[in-house]
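Asks: Residue numbers (this note's numbering), protein chains in the order written: chain A, 40 to 314; chain B, -7 to 257.
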Amino acid sequence: MIASKVAPISERTSESTVNRNNDWYFRKPVSSKIKYGIPVSLILGWELVVSLSILDSRYLPAPSHIFQALLVAVSSGQLLADMQISLYRILTGFILGAAPGLVVGLLIGFIPFMRMFIQPILLAIRPIPKLALLPLLIIVMGIGEASKITLIMLGVFFPVAINSASGVLNLHQQYIDVARNYGASKYQFIKTVAIPGSLPTLCAGIKIGFADALLLIVAAEMIGANSGIGYRVWMAYSIFDMRMMFVSFIMMAGLGIASTMIIRFMEKRLIPWNK
Amino acid sequence: MQVEKIRIEQLRKQFVKKNKMVEAFHSISLQIKDGEFVSIVGPSGCGKTTLLRVIAGLELPTSGTMHIQHHDSNQPLNAMVFQEHSIFPWMTVRENIAYGLTMRKVPPSIKKSIVDHYLLKINMVNFAESYPHQLSGGMKQRVSVARAFANDPEILLMDEPFTALDEQNRLLIQQELLKIWEENQKTVVFITHSIEEAILLSDRIIMMSAHPGTLIAEYEIPFPRPRKIEEIRSSTFYKNMFNEIWMQLKEEVEKSRSMEGMLPI
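#1: Are the CB atoms of A:Asp216 and B:Leu50 nearer to each other than 8 angstroms?
#2: What residues in the segment 67 to 80 of chain B have a beta carbon less than 7 angstroms from any beta carbon of chain A?
#3: Quick check: does the Cβ of A:Lys230 come within less than 7 angstroms of any heavy atom belonging to the ligand GTP?
#4: Looking at C-alpha atoms only, which residue of A:Leu253, A:Trp273, A:Arg282, A:Lys246 is the closest neighbour of A:Leu294?
#5: Using a cut-off of 9 angstroms between C-beta atoms, extract the partners of B:Gly92 located in chain A.
#6: Starting from B:Glu246, follow its DSSP beta bridges and name the residues at the other end.
#7: If we require 3 or more residues per run, which beta strand (DSSP E) segments fall completely within the segment 32 to 92 of chain B?
#8: Using DSSP's beta-bridge definition, name the partner residues of A:Gly140.
#9: B:Lys5 by DSSP, collapsed to three states: which one?
#10: Please say whether B:Ala209 and B:Cys38 have beta carbons closer to each other than 8 angstroms?
#11: Mind checking if A:Val207 is an interface residue toward chain B, Cβ cutoff 8 angstroms exclusive?
#12: Only counting runs of 4 or more residues, tell me where the alpha helix (DSSP H) segments fall wholly within the segment 257 to 291 of chain A, in order along the chain.
#13: Quick test of your reading: B:Val85 and B:Leu241, contact by CB under 8 angstroms. State the CB separation rounded to the nearest angstrom.
#14: What does the Cβ neighbour count give for B:Glu236, buried or exposed, with the cut at 16 atoms within 10 Å?
#15: What does the Cβ neighbour count give for B:Pro214, buried or exposed, with the cut at 16 atoms within 10 Å?
#16: Using DSSP with H/G/I as helix, E/B as strand and the rest coil, what is B:Met251?
#17: Run through DSSP, which three-state label would A:Tyr98 get?
#18: Going by C-alpha to C-alpha distance, which of B:Glu188, B:Ala138, B:Asn143 sits closest to B:Lys171?
#19: Give me the Cβ distance between A:Ile105 and A:Phe285, rounded to the nearest whole Å; I'm assuming they're in contact under 8 angstroms.
#20: Can you tell me whether DSSP reads A:Asp251 as helix, strand or coil?
#21: Where does A:Val232 fall in DSSP's three states?
#22: Does A:Gln107 have its Cβ less than 8 angstroms from a Cβ in chain B?
#23: Based on Cα-Cα distance, which residue from A:Leu190, A:Ile164, A:Ile167 lies nearest to A:Leu176?
#24: Is B:Met199 helix, strand or coil when you go by DSSP?
#25: Closer than 8 angstroms between beta carbons: that is the criterion. Which residues of the segment 183 to 215 of chain A meet it against chain B?
#26: Counting Cβ pairs, one atom from each stretch, are 3 or more of them under 8 angstroms apart for the segment 181 to 195 of chain A and the segment 243 to 259 of chain A?
#27: What does B:Val30 pair with, by DSSP beta-bridge criteria?
#28: Can you give me the C-alpha to C-alpha distance between B:Met95 and B:Ile102, rounded to a whole angstrom?
#29: Which residues, taken in chain order from the segment 233 to 267 of chain A, show a beta carbon closer than 8 angstroms to some beta carbon of chain B?
#30: Quick check on the burial criterion: 16 or more other C-beta atoms within 10 angstroms. Buried or exposed for B:Arg162?
#31: Would you say A:Val207 and A:Gly248 are within 8 angstroms of each other, going by their C-beta atoms?
#32: What's the gap between the Cα of A:Ser70 and the Cα of A:Gly84?
#33: What residues in its chain sit with their C-beta under 8 angstroms from that of B:Glu(-4), if we drop five residues either side in the sequence?
#34: Given a cut-off of 8 angstroms, decide if A:Val199 and A:Gly148 are closer than it, judged by their beta-carbon atoms.
#35: With a threshold of 8 angstroms between beta-carbons, can B:Arg4 be considered close to chain A, or not?
#36: Within 10 angstroms of the Cβ of A:Ile41, are there 16 or more other Cβ atoms? Answer buried if so, exposed if not.
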């Protein structure tokens, strides 16, 4: 009698294979038709809306026109030249900022005296938006490459320094105890515990630093430059070339995605134990 | 083997917490023989972990004396097995087990053969190159135990190593520990809050009082070795022993419960 109220076993199992646990409501897998269909139809809709003159193509050029402009920019070599100079500024500033950032961070982390000495200075300067320093840098260094690279350097230095310090300072006490209990020397401790243990936090700092670098380069090139992706946007604004402006947006998106992918790849190689 | 290994006299540990002196334990006197397996049980917060850390040399006692016989200065004196999260996530299982040997700069060929031996002992040969995040909780603790044994210390200190494991895994790992230990009979100081675990594994159980901890009772566990966990658990002697210890421990746990909220830890 009781059994009759329960669904036959075969029926229940077939149901449970269809509704697996992870299919519940917002975990439902989306078909790839929808996944790729949405962006494609958005672009098609955009094209349609502009070509029907519902939106003014002077302000919002049609995707097909942007694509044409993109091809022109690629074939004329202008796009590559802009990318190159911006990347040069970003990478130089990044290396010049990350390397001392790492050193200062480790000093803060390992040497209590340094922590007392540097940390207050660091914490006082960090909240200043680095972009605000650009006028000062231009006055001191002129409008050339130095001011832009220094700006990026500053933008990268702080997150890297602060994260590498907190990576060391937040090492799990248990790991320190294990190293002591197994007789690790100071050097062995740094090599086998402190450095690998703080790598994930350090990598997070590098990611933040790189994101800041992208932000700063665009702003810096808008103000004082005659080349680069930021300059290109400002140029497009000045001569009201909306297609060029959108081409620049695409470049920036590409640059952002590419750098994220590269950093993620390096992170996987460097920190294989991180899930 | 009746040689004395650890002698502790009138040991006391105090520390400062929120500008107040707090006593972790006091008046602890204790002798542990070479090759003896001693468990320390007591209500939580009684200072048993602190006592173990003092024996390990990770903390200094406030007063009292502690003398540990170090037979061979080429061998490490002690190795500790921690509660959990103590194996390094950035090292493979092999590197983790070898940690003590690496720190002592043991030649790679010897290191490899020792690690291989313990990989086999803990049934994890196929996981030698895995990282801890790929392992279950039980496997991680097996690695932690193997790391301590591989370092070949004169004393093993274990701080509730199996507490976080589920019962099935705990029973298996206890049996594995017995097997490895019975081979080389090192001196072991084992902290646990499980009476059952203490009876199954040890030669002697020492009970600590509620906070501030001190020694209040001692029980000899006469089961012959090698031990079979199932046989011991089903014996009447075990049940009587369990009850006897529990009746006494219960009092201490109740005391410690009535002090809850006043506890500094």
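Glycine included, each C-beta is placed from N, C-alpha and C at the ideal position.
Replies: In this structure, then:
#1: Going by beta carbons, A:Asp216 and B:Leu50 fall inside the 8 angstroms limit.
#2: Pro68, Ala71, Met72, Phe74, His77, Ser78, Phe80
#3: For the structure depicted, the ligand GTP is absent and the ligand set is empty, with no information on it obtainable.
#4: A:Leu294 has its Cα closest to that of A:Leu253, out of A:Leu253, A:Trp273, A:Arg282, A:Lys246.
#5: Asn220, Tyr221, Gly222
#6: Residue pairing for B:Glu246: DSSP places it in no beta bridge.
#7: Listed in chain order, they are 55 to 60, 70 to 73.
#8: A:Gly140 pairs with nothing; no bridge assigned.
#9: strand
#10: no
#11: For A:Val207, not one C-beta of chain B is nearer than 8 angstroms to its own C-beta.
#12: Listed in chain order, the complete alpha helix (DSSP H) runs (minimum 4 residues) inside the segment 257 to 291 of chain A are 268 to 277.
#13: Not really, about 36 angstroms apart at Cβ, beyond 8 angstroms.
#14: exposed
#15: Exposed, by the Cβ-count rule.
#16: coil
#17: coil
#18: B:Ala138
#19: 5 angstroms
#20: helix
#21: helix
#22: no
#23: A:Leu190
#24: strand
#25: His211, Gln213, Tyr214
#26: Three or more beta-carbon pairs separated by less than 8 angstroms link the segment 181 to 195 of chain A to the segment 243 to 259 of chain A, which places the two stretches in contact.
#27: Looking at the DSSP assignment, B:Val30 forms a beta bridge with B:Val181, B:Arg196.
#28: 14 angstroms
#29: Pro235, Gly236, Leu238
#30: buried
#31: no
#32: 21 angstroms
#33: Excluding residues within five positions, the ones whose Cβ falls inside 8 angstroms are Gln23, Ile24, Lys25, Asp26, Gln61.
#34: Going by beta carbons, A:Gly148 and A:Val199 fall outside the 8 angstroms limit.
#35: No, B:Arg4 does not count as interfacial toward chain A.
#36: For A:Ile41, the predicted model reports a pLDDT of 45, less than 50, meaning its position is unreliable; a value from the coordinates is still stated below. By the neighbour-count rule (16 or more Cβ atoms within 10 Å), A:Ile41 is not buried but exposed.
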